[in-house]
């Protein structure tokens with residue numbers, strides 16, 4: 001249904017050829033009604049999530065906080081090109097290289113650590129010597145005069161780009177904010193993520209977590225391409241659009257019930273009886289659609305063993 005077809009249909013319900021005074025506010029009324037109608041059968045979209053976190057060359061998971069007290073904390077590996085870690089406290093990290101299999105070490109960089117009122121602060125950077133990548137044996141040596149804690153330590157052998165900001169966070173989970181990754185995110189479908197190789201859906205609070213409404217936390221160990229399902233925002237209309245050709249962002253049956261809802265909004269002040277009549281028609285149509293879809297989509301139970 002085009003904007004013009006909707007406009008004409010609503011006008012005819014009021015036994016008019018045009019809506020006269022309602023023309024200026026018509027787009028606002030329609031956008032309000034479209035959002036309401038979309039709740040009956042929300043528009044869904046799929047985001048292809050390429051989940052391939054970089055490999056930590058340390059070969060061991062250092063997720064939990066480790067205390068640097070009297071002894072320095074040292075993390076060593078070969079051919080590391082960048083680092084990431086989180087620290088809570090004051091101290092210094094020496095980035096060191098060795099050309100004799102670890103017999104002696106030379107400092108090629110330092111990172112000053114500053115406490116942030118008890119919170120862990122993220123640090124990341126490239127491992128370079130004289131401005132060039134160093135691909136030999138390197139280590140991070142956490143030192144200093146004070147006690148502090150370090151966690152999520154990683155040394156990466158691969159780079160995503162030449163921008164330090166692209167050095168990824170290291171942790172048990174990788175965070176993906178769908179509101180930032182898409183331009184039409186509204187909310188997650190439940191469940192939001194699927195993987196055919198693992199037998200279908202992930203289990204909430206076990207295989208994945210949802211944080212701050214729009215952020216999906218996926219275990220770093222589960223590398224792969226996943227389908228993330230979400231309800232998308234409906235496309236609004238405005239006066240700059242060609243009303244003759246612009247189609248409403250709704251399925252055909254949703255457009256048919258949209259007419260009655262818009263009509264109820266149009267006449268709510270001047271003719272409340274007519275407005276109530278069309279609102280009741282809209283509600284009856286919604287009830288019929290939901291009843292029909294419930295019959296064609298029976299509830300399916302599946303236990304953890306797959307039956």
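In the working numbering, the protein residues as written are 1 to 307. Beta carbons are placed, not taken as given, at the ideal position from N, Cα and C, and that holds for glycine.
**OP:** Please report how far the alpha carbon of residue 12 lies from the alpha carbon of residue 168, in whole angstroms.
**Re:** Here the question's residue 12 lines up with position 12 in the chain shown. Here the question's residue 168 lines up with position 168 in the chain shown. Distance between the alpha carbons of residue 12 and residue 168 is about 58 Å.
Original post:
By how many angstroms is the C-alpha of residue 253 removed from the C-alpha of residue 299?
Top reply: As a working note, residue 299 is residue 299 in the chain shown. As a working note, residue 253 is residue 253 in the chain shown. Its pLDDT being 47, under 50, residue 299 is placed unreliably by the model, and the measurement read from it follows with that caveat. Straight-line Cα distance between these residues: approximately 23 Å.
Subject >> For residue 106, the first and last residue of its enclosing beta strand (DSSP E) >> reply: Counted from its first residue, the chain shown places residue 106 at position 106. First-last of the beta strand (DSSP E) with residue 106: 106-113.
Subject >> Through-space distance from residue 43 to residue 85, alpha-carbon basis >> reply: Numbered from its first residue, the chain shown carries residue 85 at position 85. Numbered from its first residue, the chain shown carries residue 43 at position 43. Those two C-alpha atoms are separated by around 40 Å.
Original post:
How about residue 193 and residue 67: are their beta carbons less than 8 Å apart?
Top reply: Counting from 1 along the chain shown, the entry for residue 193 is found at position 193. Counting from 1 along the chain shown, the entry for residue 67 is found at position 67. Their beta carbons are not under 8 Å apart, which means residue 193 does not touch residue 67 by this criterion.
Subject >> Neighbourhood of residue 53 by C-beta distance below 6 Å, restricted to the same chain and skipping five residues each side >> reply: Numbered from 1 along the chain shown, position 53 holds the residue referred to as residue 53. Same-chain partners within the cutoff: 174, 220.
Subject >> Buried or exposed (CB count within 10 angstroms, at least 16 for buried), residue 264 >> reply: As a position in the chain shown, residue 264 is number 264, starting the count at 1. Residue 264 comes out buried.
Subject >> Rounded C-alpha distance that separates residue 1 from residue 262 >> reply: On the chain shown, residue 1 is found 1 positions in, with the first residue counted as 1. On the chain shown, residue 262 is found 262 positions in, with the first residue counted as 1. Near 14 Å, if we compare the C-alpha coordinates of residue 262 and residue 1.
Subject >> Neighbourhood of residue 7 by C-beta distance below 6 Å, restricted to the same chain and skipping five residues each side >> reply: The residue labelled residue 7 in the question sits at position 7 within the chain shown. Answer for residue 7: no residue qualifies.
**OP:** Report the three-state DSSP secondary structure of residue 241 (helix, strand or coil).
**Re:** Within the chain shown, residue 241 is the residue found at index 241, counting from 1. Coil.
Original post:
How is the alpha helix (DSSP H) around residue 8 delimited, first residue to last?
Top reply: For the purposes of this step, residue 8 is taken as the residue at position 8 of the chain shown. 3-13 is the span of the alpha helix (DSSP H), which, as asked, contains residue 8.
Original post:
Can the beta-carbon of residue 159 be found less than 8 Å from the beta-carbon of residue 82?
Top reply: Residue mapping note: residue 159 aligns to position 159 of the chain shown, counting from 1. Residue mapping note: residue 82 aligns to position 82 of the chain shown, counting from 1. Cβ atoms of residue 159 and residue 82: closer than 8 Å.
Original post:
When you compare only the Cα positions, how much space is there between residue 62 and residue 119?
Top reply: For this step, residue 62 is matched to residue 62 along the chain shown. For this step, residue 119 is matched to residue 119 along the chain shown. Looking at the two C-alpha atoms, the distance is approximately 18 Å.
Original post:
What number of angstroms, rounded off, separates the C-alpha of residue 301 from the C-alpha of residue 208?
Top reply: Position 301 of the chain shown, counted from the first residue, corresponds to residue 301. Position 208 of the chain shown, counted from the first residue, corresponds to residue 208. Low confidence applies to residue 301: its pLDDT is 44, below 50, so where it sits in the model is not reliable, and the reading given next is rough at best. Using only the alpha carbons, I get a separation of about 21 Å.
Subject >> Minimum length 4: unbroken alpha helix (DSSP H) runs contained in the stretch 228-294 >> reply: 252-266
Subject >> One or two residues paired with residue 182 in a DSSP bridge >> reply: If you number the chain shown from 1, residue 182 lands on position 182. According to DSSP, residue 182 bridges with nothing at all.
**OP:** May I ask you to list the residues that DSSP assigns as paired with residue 33?
**Re:** Here residue 33 refers to the residue found at position 33 when the chain shown is read from its first residue. Looking at the DSSP assignment, residue 33 forms no beta bridge with any residue, so it has no partner.
Original post:
Counting pairs of Cβ atoms below 8 Å between the stretch 178-187 and the stretch 44-51, do you hit three or more?
Top reply: yes
Original post:
Should residue 39 go down as buried or exposed, given a rule of 16 or more other Cβ atoms within 10 Å for buried?
Top reply: Position 39 of the chain shown, counted from the start, is the residue given in the question as residue 39. It counts as exposed.
Subject >> Bridge partners - residue 219, DSSP secondary structure assignment >> reply: Counting from 1 along the chain shown, the entry for residue 219 is found at position 219. Residue 219 is bridged to 173.
**OP:** For residue 80, count neighbouring C-beta atoms within 10 Å of its own C-beta (all shown protein chains included) and say buried if the count is 16 or more, exposed if not.
**Re:** As a working note, residue 80 is residue 80 in the chain shown. Buried: at least 16 other Cβ atoms inside 10 Å.
**OP:** Could you tell me which of 107, 122, 123, 144 sits nearest to residue 134, measuring between CA atoms?
**Re:** For the purposes of this step, residue 134 is identified with residue 134 of the chain shown, where counting begins at 1. Of the candidates 107, 122, 123, 144, the one whose C-alpha sits nearest the C-alpha of residue 134 is 107.
Original post:
Short check: CB of residue 188 to CB of residue 230, under 8 Å?
Top reply: Working through the chain shown from its first residue, we reach residue 188 at position 188. Working through the chain shown from its first residue, we reach residue 230 at position 230. Yes.
Original post:
Anyone know if the C-beta pair for residue 76 and residue 93 falls short of 8 Å?
Top reply: Position 76 of the chain shown holds residue 76. Position 93 of the chain shown holds residue 93. For residue 76 and residue 93, no; Cβs fall outside 8 Å.
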